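There are 4 protein chains.
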Amino acid sequence: MGYSFLHRKERIILTTIDVINEYGIQGISTREVAKRQGITEAAVFKHFPRKVDLLNAVLDFYAQYDKDISMSSLQQKDYLQAIFYFVTRYAEYYENYPQITAVTQSYDVLACEADFREKIKKIYFGRLTTLQILAAKAREAWLLSCELSAAQLAEIILGFFHAACLTWRFQTYAFSLKKYVASTLQVLLNSLITDRKKEGVRKWQEF
Amino acid sequence: MGYSFLHRKERIILTTIDVINEYGIQGISTREVAKRQGITEAAVFKHFPRKVDLLNAVLDFYAQYDKDISMSSLQQKDYLQAIFYFVTRYAEYYENYPQITAVTQSYDVLACEADFREKIKKIYFGRLTTLQILAAKAREAWLLSCELSAAQLAEIILGFFHAACLTWRFQTYAFSLKKYVASTLQVLLNSLITDRKKEGVRKWQEF
Amino acid sequence: MGYSFLHRKERIILTTIDVINEYGIQGISTREVAKRQGITEAAVFKHFPRKVDLLNAVLDFYAQYDKDISMSSLQQKDYLQAIFYFVTRYAEYYENYPQITAVTQSYDVLACEADFREKIKKIYFGRLTTLQILAAKAREAWLLSCELSAAQLAEIILGFFHAACLTWRFQTYAFSLKKYVASTLQVLLNSLITDRKKEGVRKWQEF
Amino acid sequence: MGYSFLHRKERIILTTIDVINEYGIQGISTREVAKRQGITEAAVFKHFPRKVDLLNAVLDFYAQYDKDISMSSLQQKDYLQAIFYFVTRYAEYYENYPQITAVTQSYDVLACEADFREKIKKIYFGRLTTLQILAAKAREAWLLSCELSAAQLAEIILGFFHAACLTWRFQTYAFSLKKYVASTLQVLLNSLITDRKKEGVRKWQEF
DNA sequence: CATGAATGAGACTTCATTCAT
DNA sequence: GATGAATGAAGTCTCATTCAT
Chain A
2 MGYSFLHRKE
12 RIILTTIDVI
22 NEYGIQGIST
32 REVAKRQGIT
42 EAAVFKHFPR
52 KVDLLNAVLD
62 FYAQYDKDIS
72 MSSLQQKDYL
82 QAIFYFVTRY
92 AEYYENYPQI
102 TAVTQSYDVL
112 ACEADFREKI
122 KKIYFGRLTT
132 LQILAAKARE
142 AWLLSCELSA
152 AQLAEIILGF
162 FHAACLTWRF
172 QTYAFSLKKY
182 VASTLQVLLN
192 SLITDRKKEG
202 VRKWQEF
Chain B
2 MGYSFLHRKE
12 RIILTTIDVI
22 NEYGIQGIST
32 REVAKRQGIT
42 EAAVFKHFPR
52 KVDLLNAVLD
62 FYAQYDKDIS
72 MSSLQQKDYL
82 QAIFYFVTRY
92 AEYYENYPQI
102 TAVTQSYDVL
112 ACEADFREKI
122 KKIYFGRLTT
132 LQILAAKARE
142 AWLLSCELSA
152 AQLAEIILGF
162 FHAACLTWRF
172 QTYAFSLKKY
182 VASTLQVLLN
192 SLITDRKKEG
202 VRKWQEF
Chain C
2 MGYSFLHRKE
12 RIILTTIDVI
22 NEYGIQGIST
32 REVAKRQGIT
42 EAAVFKHFPR
52 KVDLLNAVLD
62 FYAQYDKDIS
72 MSSLQQKDYL
82 QAIFYFVTRY
92 AEYYENYPQI
102 TAVTQSYDVL
112 ACEADFREKI
122 KKIYFGRLTT
132 LQILAAKARE
142 AWLLSCELSA
152 AQLAEIILGF
162 FHAACLTWRF
172 QTYAFSLKKY
182 VASTLQVLLN
192 SLITDRKKEG
202 VRKWQEF
Chain D
2 MGYSFLHRKE
12 RIILTTIDVI
22 NEYGIQGIST
32 REVAKRQGIT
42 EAAVFKHFPR
52 KVDLLNAVLD
62 FYAQYDKDIS
72 MSSLQQKDYL
82 QAIFYFVTRY
92 AEYYENYPQI
102 TAVTQSYDVL
112 ACEADFREKI
122 KKIYFGRLTT
132 LQILAAKARE
142 AWLLSCELSA
152 AQLAEIILGF
162 FHAACLTWRF
172 QTYAFSLKKY
182 VASTLQVLLN
192 SLITDRKKEG
202 VRKWQEF
């Protein structure tokens with residue numbers, strides 16, 4: 002993948018993600034990235050003066066849709082639908098670009114480096130918070146059983162999503178991430194819906 | 002932590018886990034491990050001829066209770082209780098040895114190295130499978146709502162557990178992992194219990 | 002210091018001297034010079050095709066007044082006054098442009114590069130020779146005690162001047178170089194004046 | 002020069018000084034040092050974990066006799082003799098090891114690096130101070146003309162010595178540094194001796 | 001005159017690993 | 001078991017320099 006239709010800087014980022022996907026965070030080397038791009042290491046450093054800058058760019062790229070997804074979700078009127086929308090948006094993104102899931106699985110490893118710790122935490126807790134807000138609103142609207150707190154539900158959903166991604170990776174993307182995640186989430190949320198809502202047939206957006 | 006009461010070989014393993022915990026997988030170096038143990042790098046190689054051997058030992062150490070926990074869980078008569086038992090056993094282990102959770106968060110990164118891929122997958126899918134069996138049995142016994150498949154439930158639970166560990170790490174172990182995981186799981190499982198069971202007050206083991 | 006009132010070429014030279022002053026000879030890089038000038042490295046190379054050319058220009062700039070100072074000194078009638086004049090001219094120049102003294106302290110380091118060796122030696126021995134001629138003439142005129150040869154006296158004076166510059170630099174220009182050098186030189190020369198002249202009160206030029 | 006009779010660590014230091022002598026401070030590279038020692042760069046780094054450590058060792062080596070020379074000088078009864086002794090000790094050291102004078106000529110360049118600044122200043126001002134104390138004592142003993150302050154005299158002498166070393170280097174060690182420095186110093190000091198002492202024939206130590 | 005993008009060589013440094021003692 | 005001294009490969013990064021635009 003030369004990503005030749007893009008600007009060098011973006012191409013380097015994508016190539017770096019490819020390397021992370023194949024060799025893991027510890028396997029990224031400017032040498033390898035340069036080799037794959039068919040340029041010299043010095044050229045990479047012209048675009049990203051330090052390796053950290055490159056990795057920061059990767060993280061920014063990784064989280065580029067976070068704000069949009071969060072806001073779009075929060076604007077939805079049906080908060081259960083919103084939770085569903087939130088997760089499937091990510092699933093769709095990942096399904097179109099499976100390599101990026103390597104980043105999702107490297108939060109902790111990345112956070113060991115002081116340079117990334119805060120950024121990673123911001124991404125992780127940011128997503129968790131969006132889910133939590135959606136869950137809280139859903140509970141306020143009596144759409145959900147009261148026993149699980151919004152925070153707990155957020156963690157369950159995000160945790161499941163990450164696990165699904167890991168399984169997906171370990172099975173070399175052998176199934177549709179989006180379909181799997183969506184169907185599981187649908188059933189899960191349905192099971193948690195308050196009884197008086199349960200009877201009504203919920204219609205979920207197509208995927 | 003010198004771990005001076007243990008044999009050198011085990012001490013090296015524990016020190017390696019400490020290093021993984023602080024610097025991440027990419028931060029382990031024979032030099033650092035040796036320095037922390039107060040021995041020379043060469044001495045480390047007397048115990049673990051290659052770095053891969055050391056990491057393999059770390060993974061074996063990490064998964065040392067897997068078989069026991071799995072079997073103990075499967076022997077329980079109440080399968081919902083068993084799921085609960087399974088998760089809290091790990092939570093208890095991790096709470097007593099927080100550094101080890103660094104390994105849990107590094108599955109994917111480790112799996113990039115061909116040497117560990119199978120072992121990691123075995124650990125991950127092993128735990129998932131145990132949970133799945135327990136869930137399946139619980140469903141067979143009509144303890145659970147039918148809509149979530151055993152595999153889905155297993156993935157939700159394990160995913161939540163991993164997410165809880167990550168949050169725990171990011172918050173520098175500021176809360177009791179075991180209590181948090183147990184209470185969340187209890188509420189979650191309660192929400193998923195079939196209606197006819199729901200009325201009966203479930204008694205969960207103390208934690 | 003952008004030196005924006007000068008031509009680019011001269012600006013680059015002054016900037017280079019600033020860099021030498023701060024980072025030393027080994028710290029000059031086209032990158033740093035370009036950055037400080039707010040231009041690209043390539044632009045620097047338009048003016049000085051090779052780094053050596055830039056350094057040669059710096060040395061020429063450094064020694065730009067040498068010929069004038071030498072000739073002015075040699076034209077003075079009182080050769081003791083001439084020695085005094087010679088040294089204070091440099092002291093004045095340096096005091097108005099302290100950064101330039103970095104070059105004075107880098108003779109030997111510069112001379113390691115074959116490209117500069119002869120130029121540096123020419124500057125150093127040139128100044129030494131001027132002083133020596135002045136000293137010789139002063140001795141011929143029976144103004145100085147006979148025991149110190151002209152060459153020795155020249156080396157003592159130039160050596161002292163260089164040492165004074167180094168002290169001045171190490172003390173972050175905390176005193177007036179010109180005043181210090183002038184007063185010391187005055188006393189020194191006075192002490193070396195032949196006895197029959199000593200009685201007459203010598204009047205030194207104001208500074 | 003392999004310096005094969007010494008320990009590796011000391012050999013590396015001496016080789017480094019050789020390199021400084023030939024290429025200047027800016028020309029030292031671990032690669033060059035290693036090559037000259039016939040070992041790999043990694044081996045150099047086993048002895049000196051960072052290049053700065055190596056340069057620090059060079060500076061320590063350079064100043065290794067400072068304390069001894071200072072104390073020996075201060076213990077001498079005749080303070081004029083002491084000044085003479087102080088300078089000729091260094092001249093002798095340098096004459097036996099001409100390469101080391103490259104360091105003397107690089108004070109300012111070295112001081113640009115924060116890591117060395119204080120050490121260099123300590124060496125420079127340390128030597129200056131010793132000379133100054135000797136000069137002050139000589140004046141107290143009415144051995145010297147009163148007009149030059151001790152500090153001025155110290156700077157003149159050290160400055161001359163440094164200039165002599167530079168000349169010596171530029172003339173490829175074509176004369177005896179010790180003899181030249183000693184004879185000049187003798188005449189200089191004789192010229193500065195108070196009149197009532199001047200008559201007495203001063204006997205200087207042999208060199 | 002100036003820039004942007006690149007390069008090849010080389011800088012310092014770290015790594016896993018070896019081996020004689 | 002352990003050390004000290006070494007290594008070769010690789011890592012990140014900087015340098016002077018080139019060239020098409």
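Chains as they are written, first to last, in the working numbering: chain A, 2 to 208; chain B, 2 to 208; chain C, 2 to 208; chain D, 2 to 208. Glycine residues also receive a C-beta, built at the ideal position from the N, C-alpha and C atoms. Given the structure is predicted, the values throughout are model-derived calculations rather than measurements.
Test: residue i CB closer than 7 Å to a CB of chain B
| i | result |
| --- | --- |
| T185/A | yes |
| K204/A | For K204/A, the predicted model reports a pLDDT of 47, less than 50, meaning its position is unreliable and no value from the coordinates is stated. |
Run of the alpha helix (DSSP H) containing residue i, from where it starts to where it stops
| i | result |
| --- | --- |
| Q76/B | 67-76 |
| E23/D | 9-24 |
| F161/B | 151-171 |
| Q133/C | 115-141 |
| S192/D | 178-193 |
| R32/C | 31-38 |
| L55/D | 52-63 |
| Y86/D | 80-97 |
7 Å Cβ cutoff, residue i in contact with chain C
| i | result |
| --- | --- |
| S192/D | yes |
| K199/D | In this prediction, K199/D has a pLDDT of 47, which is less than 50 and means its spatial position is unreliable; what the coordinates show is noted afterwards. Taking Cβ atoms only, chain C never reaches closer than 7 Å to K199/D, which makes this a no. |
Close-in-space but distant-in-sequence residues of the same chain around residue i (CB under 7 Å, 5 per side omitted)
| i | result |
| --- | --- |
| A152/B | Q133 |
| Y108/B | I121, Y125 |
| L111/D | I26, F117, I121 |
| H48/B | R9, K10, I13 |
| Q29/C | The question names Gln, but residue 29/C is Ile in the sequence shown. Counting only Cβ-Cβ distances below 7 Å, and skipping sequence neighbours, we find T17, V20, I21. |
Within-7 Å CB hit, residue i to chain D
| i | result |
| --- | --- |
| E96/C | no |
| Y174/C | no |
| L149/C | yes |
Chain A within 7 Å of residue i, Cβ atoms only
| i | result |
| --- | --- |
| V188/B | yes |
| F171/B | yes |
Chain-ordered neighbours of residue i on chain C, where CB pairs are closer than 8 Å
| i | result |
| --- | --- |
| I226/D | No statement about residue 226/D is possible, as the shown extent of chain D runs from 2 to 208 and does not include it. |
Contacting residues, own chain, Cβ-Cβ under 8 Å from residue i (five flanking each side not counted)
| i | result |
| --- | --- |
| D1/B | Residue 1/B falls outside the range modelled here, since chain B spans only 2 to 208, and no answer is possible. |
| L7/C | L15 |
| C166/D | Y95, T102, T105, Q106, L178 |
| Y86/B | S73, S74, Q77, Q206 |
Beta-carbon contacts of residue i that lie in its chain and below 6 Å, excluding the five residues immediately before and after
| i | result |
| --- | --- |
| Q206/D | Confidence at Q206/D is low in this model, with a pLDDT of 46, below 50, so the placement of that residue is unreliable and no value is reported for it. |
| R197/B | Reliability fails at R197/B, whose pLDDT of 45 lies under 50, so the model's placement of it is uncertain and the value that follows must be treated cautiously. Nothing meets the Cβ criterion. |
| L215/C | Shown here, chain C extends from 2 to 208; a query on residue 215/C therefore has no answer. |
| P215/C | This structure cannot settle anything about residue 215/C, because the visible part of chain C is limited to 2 through 208. |
| T31/C | E42, V45 |
So if I threshold CB-CB distances at 9 Å, which residues from the stretch 97-128 of chain C count as touching chain D?
Taking 9 Å as the Cβ-Cβ cut-off, the stretch 97-128 of chain C approaches chain D at T102, A103, T105, Q106, S107, Y108, D109, V110, L111, A112, C113, E114, R118, I121, K122, Y125, F126, given in chain order.
Please list, in chain order, the residues of the stretch 152-170 of chain C that have any C-beta partner in chain D closer than 8 Å.
The stretch 152-170 of chain C vs chain D, Cβ under 8 Å: Q153, E156, I157, L159, G160, F161, F162, H163, A164, A165, L167, T168, R170.
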